[in-house]
Structure formats: C-alpha cells, structure tokens
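Novice: Submitted below is the structure of interest, expressed as structure tokens.
Chains as they are written, first to last, in our numbering: chain A, 424 to 626; chain B, 2 to 297.
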C-alpha cells in the first residue's frame with residue numbers, strides 16, 4: 424500500500440518534470456484534468472460541462488493568499504458565485520515539505536476554520552495540474568466557460584499587494600469577468616498578470 | 002548624514018515606547034545634523050538590514066541630491082526589480098520631503114534572473130542593492146530654509162527565499178543646508194558610484210534595435226557593429242514575454258537576434274518592446290525596440 428503510494432507520487436513527480444509548460448491560453452479549450460480533492464473524491468473538468476468553473480491556486484501560508492482569506496474577500500466571492508451555480512475549485516500545488524503543503528485533514532480543517540466554501544479543494548502535491556495550467560502564483564485565477572473554453576487567466580484583482588487594506592479600492596477581475604460572462608458580454612480584461620507568492624512546486 | 006530605522010514590530014508591540022524613542026532619536030538626529038556630525042544608524046528588518054543613505058554630506062540650494070535605500074540581504078534572500086517577473090513585488094517608496102524638494106524615479110540597477118523551475122522566473126537582487134532616488138532642490142527654498150532639511154521615506158518591500166515576507170520601515174534623515182559647494186560623504190559615495198555602474202545605459206547611437214512580432218515569439222534584432230554571442234533580455238513590463246522560456250540567440254557578425262517567447266497573457270499586440278539588455282561583462286542597456294508584425 425505504502426509502496427503503491429510512493430509509486431504514484433513518483434509518477435506525479437515525473438509527470439510534473441516531463442510536462443512541457445502547457446499553457447492555458449484564453450480563448451482556447453481549457454486543459455482537461457482528473458484530480459483528487461481533500462475528501463478523496465475525483466474531480467474531473469469534464470464533469471462540469473455546462474457550468475462555469477473557477478480555479479483558484481492557493482497556499483494558506485502565503486501573505487498574498489492570507490490577504491484575501493483573513494479579510495474574508497475570497498470566501499465572499501466563493502459564496503456569491505457558487506450560489507449562482509458556478510463551480511469553484513481551490514487548487515493546492517505546494518510540494519511536500521514546502522510552504523502551503525497540506526494533508527486532506529489539514530485542508531478540511533482550514534476550510535472549516537476560515538468558513539471557506541469552495542465546491543472542492545484539489546490537492547496537487549505533484550504539481551501536475553499546476554503545470555497543466557502554468558499556474559505561477561498564489562493566488563492565480565482561471566475561469567472556464569460552460570463550453571470548456573478558458574475565458575480568464577490572471578490576478579484576482581488590480582492591486583498587486585499583500586495589504587488587506589487595498590481590497591476595498593480594488594477592481595476584482597474574477598467578479599467582473601464572471602459578471603460579464605454570465606450576462607453574455609465579452610470580457611473586458613481576459614488576461615492580467617497574476618500576483619503573489621510563487622507556487623511552491625517540487626524542484 | 003544620518004539614517005535610522007523603525008522596524009514594524011516596534012510599532013505593533015511597543016508603540017508607546019517606540020514613539021518616545023523615536024522622538025528622542027529625531028531630537029538627537031537634528032542636533033547632530035546641525036553639528037554636521039555624520040552618523041548612520043541601522044537596525045535589522047526581516048532577513049535584511051535597510052538604511053537610508055545620502056551621497057552628499059550636505060544640501061547645496063539648487064543642486065541635485067542623491068538619496069538611496071540600501072538593502073543588505075541575508076544569504077539566499079532576495080528582493081525584486083521594477084518588473085518582478087512571475088511572482089514577487091518590487092519595493093515601493095513614499096517620500097515626505099520639505100517644501101521645494103522633489104523626488105524622482107527609482108534608478109533600478111540591472112537585475113538578475115532567478116529561475117526556480119520550468120514555469121517560473123523572477124527578476125531581482127540578492128546580497129546587496131542600493132536603490133538610488135534623485136532629489137532635486139529649488140532655488141526658492143533658500144529664504145525659508147533652516148539649518149537643515151529632514152527627509153522621511155516609508156519603504157515597503159517583499160523579501161523572499163523559499164517563502165515571501167512583506168516588510169516595511171520608516172526611514173528618516175536630516176542633512177545640513179549649506180551655501181557653499183558640497184562634498185561627497187566618504188562612507189556612502191563609493192556605494193553610490195558602484196551602483197551607478199550597474200544602471201542600464203541608453204544604447205550607443207550607432208546601434209539599431211527592432212523587433213518582429215511572430216505567432217509565438219518576438220525576434221528582436223540588435224545591430225551593434227560587433228558580434229554579440231551572449232546576452233540576456235529583461236522585459237520592463239510583465240505579461241509581454243514568457244519569463245522562464247529560454248531566450249534563443251542567433252549571433253551574427255554585426256550583433257544578435259534574440260528569440261523571445263510571447264507570454265500567454267499577451268492578448269493585445271504591442272508596438273514597442275521595452276526592457277534591459279545585459280551583456281556578459283555586465284554592461285546593461287535600456288532597450289526600446291519598435292515592434293512590427295510579421296507573417297512568418
């Protein structure tokens with residue numbers, strides 16, 4: 424059993440190494456994936472066809488992630504958009520031994536403590552999903568439309584800082600993009616520079 | 002020249018005590034500055050020592066002044082360039098200057114490329130960096146000027162190794178105002194001169210720089226009248242070129258063509274590609290390459 428787990432980890436690590444930075448380009452089909460969440464459930468992008476899907480790269484130790492969680496900003500977004508039928512997947516690509524790596528139990532505790540309401544939290548310690556989307560920072564946000572096309576790649580908002588005081592005066596790109604997309608309008612800013620800590624991939 | 006530093010944790014935990022200490026230090030500073038006594042007080046920030054320095058030992062009305070924020074970083078820790086690359090954040094300074102003084106833009110020395118894996122590359126500085134800020138003085142300050150001028154800067158920065166820590170400090174300094182020609186401060190002038198040698202220069206007039214925008218990359222050609230076998234390009238703005246992608250060089254007898262992969266975030270065409278070119282000897286040039294669209 425233990426051996427099998429190591430084998431899977433090794434395989435993930437190899438995949439992460441081999442994966443040429445695949446990129447997720449706005450306007451193109453979002454890369455499909457199958458990954459395991461903190462409740463042991465498999466999350467497939469294809470399961471959510473017909474719905475908007477948000478991917479949120481996450482590291483609970485990163486000051487930029489903390490900015491949006493300690494202030495309740497991320498939870499507010501999760502609550503608002505999941506209530507409107509949007510699927511919200513938090514993704515943690517921190518490798519074992521790096522900042523932000525969590526076990527399923529630790530992640531579930533964090534979600535409870537922080538009153539976070541993502542649809543699911545995907546644990547990606549091998550970095551496979553991170554490499555598939557070329558996720559660079561925490562946070563780094565992606566939005567996929569009901570047809571499976573990537574419609575947003577970038578920052579959570581327009582204030583590249585770790586100061587929660589900046590949130591009130593910020594334009595939230597994710598909210599704006601979802602508002603525009605759900606009302607059938609083109610997205611004003613479909614690609615922005617994500618800001619934050621680097622994703623702590625296995626080196 | 003004098004500088005000191007108030008670390009954030011003082012303000013959080015010992016606010017009252019630090020205020021008193023602060024007033025005391027300001028008093029000391031003003032009296033010492035008036036006596037033209039040159040001191041530099043320093044304190045520790047998170048994994049760094051940060052100080053405000055002046056190149057000149059006094060202010061001459063109407064002539065420019067060079068101030069700088071000096072970061073002495075612990076081994077392995079880094080701070081960021083004006084374009085921090087894929088993650089991180091550049092330092093920012095908010096100045097409080099006496100009337101008649103104006104601060105200019107930060108003079109960013111050429112950065113280093115810090116690549117952690119195939120997906121991520123950042124631009125910044127290790128070990129030791131001075132961020133020079135020119136400060137100009139107007140003739141009009143003369144009649145009202147006291148014996149000295151007081152400068153305050155609120156500095157914010159992000160320092161990273163494997164993890165990132167935001168930090169900030171309020172740095173202050175007083176300089177005597179002098180009617181005479183001024184001299185350089187012997188303890189800081191060397192660091193300023195060393196740093197000036199690291200600042201990107203305009204390209205020589207004889208050079209020609211241009212770029213072609215192709216489907217997935219920019220082909221930037223530099224005609225320099227000499228072969229350029231090695232070079233690194235640092236984009237000034239994020240979201241134009243893919244930071245971690247290897248930069249492919251095609252050297253020619255007259256220069257080089259650099260193939261720079263486009264960023265996934267580049268959704269609108271650009272007309273000028275701006276950045277810094279660093280050659281093997283460390284010479285750095287400011288690049289402004291007009292971009293023309295190419296079909297191939």
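Built from N, CA and C at the ideal position, the CB exists for glycine as well. Here the structure is a predicted model, which means the values were calculated and not measured.
Among B:124, B:117, B:270, B:116, which one has its Cα closest to the Cα of residue 82 of chain B?
Specialist: Looking up residue 82 of chain B in the second chain gives position 81. With distances taken between Cα atoms, residue 82 of chain B lies closest to B:124.
Novice: Provide the residue span of the alpha helix (DSSP H) that contains residue 504 of chain A, from first to last.
Specialist: What you label residue 504 of chain A is simply residue 81 of the first chain in a count that begins at 1. Start and end: 496-506.
Novice: Quick one: complete alpha helix (DSSP H) runs, 4+ long, within the region 556-617 of chain A?
Specialist: 596-605, all fully within the region 556-617 of chain A.
Novice: Quick check: the Cα distance between residue 39 of chain B and residue 108 of chain B, rounded to an integer number of angstroms?
Specialist: As a working note, residue 39 of chain B is residue 38 in the second chain. As a working note, residue 108 of chain B is residue 107 in the second chain. Its pLDDT being 31, under 50, residue 39 of chain B is placed unreliably in this model, and the value from its coordinates should be taken loosely. Distance between the alpha carbons of residue 39 of chain B and residue 108 of chain B: 25 Å.
Novice: Using only CA atoms, which one of A:449, A:485, A:469, A:601 lies nearest to residue 618 of chain A?
Specialist: The residue labelled residue 618 of chain A in the question sits at position 195 within the first chain. The shortest C-alpha separation from residue 618 of chain A is found at A:485.
Novice: Just to make sure I have the definition right: I need the residues of chain A whose C-beta is within less than 7 Å of the C-beta of residue 167 of chain B. Which are they?
Specialist: Here residue 167 of chain B corresponds to residue number 166 of the second chain, with the count starting at 1. Result: 486, 585.
Novice: Less than 7 Å between C-beta atoms, sequence neighbours within five positions excluded: which residues of the same chain meet that for residue 469 of chain A?
Specialist: Counting from one through the first chain, the residue named residue 469 of chain A turns up at place 46. For residue 469 of chain A, where only same-chain residues beyond five positions count, the Cβ hits under 7 Å are 455.
Novice: Taking the DSSP output, what are the residues bridged to residue 262 of chain B?
Specialist: For the purposes of this step, residue 262 of chain B is taken as residue 261 along the second chain, with counting starting at 1. BP columns for residue 262 of chain B point to B:218.
Novice: Whole angstroms is fine: what's the gap from residue 507 of chain A's alpha carbon to residue 490 of chain A's?
Specialist: The count along the first chain starts at 1 and reaches residue 507 of chain A at position 84. The count along the first chain starts at 1 and reaches residue 490 of chain A at position 67. Distance between the alpha carbons of residue 507 of chain A and residue 490 of chain A is about 24 Å.
Novice: Where does residue 246 of chain B fall in DSSP's three states?
Specialist: The residue labelled residue 246 of chain B in the question sits at position 245 within the second chain. Three-state DSSP puts residue 246 of chain B in coil, outside helix and strand.
Novice: Sort out for me which residues DSSP pairs residue 213 of chain B with in a bridge.
Specialist: Taking the second chain and counting its residues from 1, one reaches residue 213 of chain B at position 212. Answer by DSSP bridge pairing, in chain order: B:220, B:293.
Novice: Would you kindly work out how many angstroms separate the C-alpha atoms of residue 274 of chain B and residue 288 of chain B, rounded to a whole number?
Specialist: One-based indexing of the second chain puts residue 274 of chain B at position 273. One-based indexing of the second chain puts residue 288 of chain B at position 287. Taking the straight line from one Cα to the other gives about 8 Å.
Novice: Rounded to the nearest angstrom, how far is the Cβ of residue 515 of chain A from that of residue 544 of chain A, given a contact under 8 Å?
Specialist: Here the question's residue 515 of chain A lines up with position 92 in the first chain. Here the question's residue 544 of chain A lines up with position 121 in the first chain. Contact flag correct, Cβ pair sits at about 7 Å.
Novice: Could you give the C-beta distance for residue 232 of chain B and residue 257 of chain B, rounded to a whole number, given that I count them as a contact under 8 Å?
Specialist: Here residue 232 of chain B is taken as the residue at index 231 of the second chain, counted from 1. Here residue 257 of chain B is taken as the residue at index 256 of the second chain, counted from 1. Correct: roughly 6 Å between the Cβ atoms.
Novice: May I have the straight-line CA-CA distance separating residue 94 of chain B from residue 49 of chain B, to the nearest angstrom?
Specialist: Counting from one through the second chain, the residue named residue 94 of chain B turns up at place 93. Counting from one through the second chain, the residue named residue 49 of chain B turns up at place 48. So the two alpha carbons sit approximately 17 Å from each other.
Novice: Name the chain A residues that come within less than 9 Å of residue 90 of chain B, Cβ to Cβ?
Specialist: In the second chain, counting from the first residue as 1, residue 90 of chain B sits at position 89. Ordered by position in chain A, the residues that pass the 9 Å Cβ test against residue 90 of chain B are 487, 583, 584, 585, 618, 619.
Novice: Could you compute how far the alpha carbon of residue 585 of chain A sits from the alpha carbon of residue 207 of chain B?
Specialist: The residue labelled residue 585 of chain A in the question sits at position 162 within the first chain. The residue labelled residue 207 of chain B in the question sits at position 206 within the second chain. Going by the C-alpha atoms only, they are around 44 Å apart.
Novice: Does any CB atom of chain B fall closer than 7 Å to the CB of residue 578 of chain A?
Specialist: Walking along the first chain from the start, residue 578 of chain A turns up at place 155. Residue 578 of chain A does not count as touching chain B.
Novice: How would you call residue 201 of chain B, buried or exposed, if buried means at least 16 neighbouring beta carbons within 10 angstroms?
Specialist: The count along the second chain starts at 1 and reaches residue 201 of chain B at position 200. With 16 or more other Cβ atoms within 10 Å, it is buried.
Novice: For chain A, find out if any of its Cβ atoms is closer than 7 Å to the Cβ of residue 121 of chain B; answer yes or no.
Specialist: Reading the second chain from its first residue, position 120 is the one you call residue 121 of chain B. Yes, residue 121 of chain B lies at the interface with chain A (some Cβ there is under 7 Å from its Cβ).
Novice: Answer yes or no: do residue 604 of chain A and residue 574 of chain A have a C-beta to C-beta separation smaller than 7 Å?
Specialist: In the first chain, counting from the first residue as 1, residue 604 of chain A sits at position 181. In the first chain, counting from the first residue as 1, residue 574 of chain A sits at position 151. In contact: residue 604 of chain A and residue 574 of chain A (Cβ atoms closer than 7 Å).
Novice: Inspect the beta-carbon positions of residue 212 of chain B and residue 130 of chain B and report whether they are closer than 7 Å.
Specialist: Start at 1 with the first residue of the second chain, and residue 212 of chain B comes out as number 211. Start at 1 with the first residue of the second chain, and residue 130 of chain B comes out as number 129. Contact: no.
Novice: Just reading off the beta strand (DSSP E) that residue 493 of chain A is part of, what are its end residues?
Specialist: Along the first chain, one-based indexing puts residue 493 of chain A at 70. From DSSP, residue 493 of chain A is part of no beta strand (DSSP E) but of the alpha helix (DSSP H) over 486-493.
Novice: Going by DSSP, what residue range makes up the alpha helix (DSSP H) through residue 534 of chain A?
Specialist: Walking along the first chain from the start, residue 534 of chain A turns up at place 111. From DSSP, the alpha helix (DSSP H) with residue 534 of chain A extends over 527-537.
Novice: Going straight from the alpha carbon of residue 170 of chain B to that of residue 500 of chain A, what length do you get?
Specialist: The count along the second chain starts at 1 and reaches residue 170 of chain B at position 169. The count along the first chain starts at 1 and reaches residue 500 of chain A at position 77. Those two C-alpha atoms are separated by around 33 Å.
Novice: Since residue 164 of chain B and residue 53 of chain B should fall inside the 8 Å C-beta cutoff, what is the C-beta to C-beta distance between them, to a whole number of angstroms?
Specialist: Within the second chain, residue 164 of chain B is the residue found at index 163, counting from 1. Within the second chain, residue 53 of chain B is the residue found at index 52, counting from 1. That pair is no contact at about 27 Å.
Novice: Quick check on DSSP: helix, strand or coil for residue 129 of chain B?
Specialist: One-based indexing of the second chain puts residue 129 of chain B at position 128. Of the three classes helix, strand and coil, the one that applies to residue 129 of chain B here is strand, per DSSP.
Novice: Along the chain, where does the beta strand (DSSP E) containing residue 95 of chain B start, and where does it finish?
Specialist: Here residue 95 of chain B is taken as the residue at index 94 of the second chain, counted from 1. It spans 93-97 - the beta strand (DSSP E) in which residue 95 of chain B sits, taken as one unbroken run.
Novice: Is the beta carbon of residue 133 of chain B sitting closer than 7 Å to the one on residue 69 of chain B?
Specialist: Within the second chain, residue 133 of chain B is the residue found at index 132, counting from 1. Within the second chain, residue 69 of chain B is the residue found at index 68, counting from 1. Yes, they are a contact pair.
Novice: Check whether chain B comes within 7 Å of residue 624 of chain A, counting only Cβ atoms and requiring the distance to be less than that.
Specialist: Residue 624 of chain A sits at position 201 when you count from the first residue of the first chain. Cβ-Cβ to chain B under 7 Å: yes for residue 624 of chain A.
Novice: Note down, in chain order, each residue of its chain lying with its Cβ closer than 6 Å to the Cβ of residue 464 of chain A, except the 5 sequence neighbours on either side.
Specialist: Reading the first chain from its first residue, position 41 is the one you call residue 464 of chain A. Cβ neighbours of residue 464 of chain A beyond the five flanking positions: none.
Novice: Leaving out five residues on either side along the sequence, give the residues of the same chain with a beta carbon under 6 Å from the beta carbon of residue 1 of chain B.
Specialist: What the structure shows of chain B is the stretch from 2 to 297, and residue 1 of chain B is not part of that stretch, so it cannot be assessed.
Novice: Among B:46, B:120, B:63, which one has its Cα closest to the Cα of residue 183 of chain B?
Specialist: Position 182 of the second chain, counted from the first residue, corresponds to residue 183 of chain B. Among B:46, B:120, B:63, the Cα nearest to that of residue 183 of chain B is on B:63.
Novice: Can you tell me the Cα-Cα spacing of residue 562 of chain A and residue 60 of chain B, whole angstroms?
Specialist: Numbered from its first residue, the first chain carries residue 562 of chain A at position 139. Numbered from its first residue, the second chain carries residue 60 of chain B at position 59. So the alpha carbons of these two residues sit roughly 46 Å apart.
Novice: Find out if the Cβ-Cβ distance for the pair residue 76 of chain B, residue 105 of chain B is shorter than 7 Å.
Specialist: Position 75 of the second chain, counted from the first residue, corresponds to residue 76 of chain B. Position 104 of the second chain, counted from the first residue, corresponds to residue 105 of chain B. In this structure, residue 105 of chain B does not lie closer than 7 Å to residue 76 of chain B by Cβ.
Novice: Quick check on residue 522 of chain A - is its C-beta less than 7 Å from some C-beta in chain B?
Specialist: Here residue 522 of chain A refers to the residue found at position 99 of the first chain. So yes, residue 522 of chain A belongs to the interface.
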